[in-house]
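Below is one structure; the comments refer to it alone.
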Amino acid sequence: AITYIQTPQATQSIVANMKQDVSNQVNYIFSTNDLYRNGLPDWAYHWGSNLPRAATGIFLLNAVKLGETGSHSVQETQQHAQDFLHFFHGQNPLNMVYLTNMASYGGEHSSFQFYHAWYGDTFNAYSLQNFIG
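Going by the numbering used here, the sequence shown opens with residue 1256, and the numbers climb by one from there.
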């Protein structure tokens, strides 16, 4: 949709509808806000929910680029996009940095390693205590 809106040959009535949908989506994103300023609708909380969270931040930046920020200012929409980024850097209920091995950069409460079946389903697949490498 975002590419089509920017296409010079696009049908203007379709572009107008798409732009309205973008504005409506921006308003919806703001309506799902939480105490950490980066809330998502309930259906978006699942294993792998960082993908829709990151996509939401990118969508907000694209909405700013299109000038379709709903009932919110450009500055508010840019700030809200940054709030979604800040989630990965510790602005979340666990106060956890969602990047691996960030302690040496100041992220004391970061993940050592994300779960993946490739690492095995053992209790101590790898941890700071038994890391080999």
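Note that CB positions come from ideal geometry on N, CA and C, so glycine has one too.
| Query | Result |
| --- | --- |
| So which of E1331, M1357 and I1284 has the shortest CA-CA distance to A1310? | I1284 |
| Identify, in the order they occur along the chain, each residue of the same chain with its Cβ nearer than 7 Å to the Cβ of H1344, setting aside the five sequence neighbours on each side. | V1352 |
| What is the DSSP secondary structure of H1364, reduced to helix, strand or coil? | coil |
| Spatial neighbours of Q1346 within its chain, please: CB distance less than 6 Å, with the 5 preceding and 5 following residues excluded, ordered by chain position. | Y1291 |
| Who are the Cβ neighbours of M1273 in its own chain at under 7 Å, not counting the five residues just before and after it? | A1256, Y1259 and I1260 |
| Could you name the residues of the same chain whose beta carbon sits closer than 7 Å to that of W1302, not counting the 5 residues immediately before and after it, in chain order? | none |
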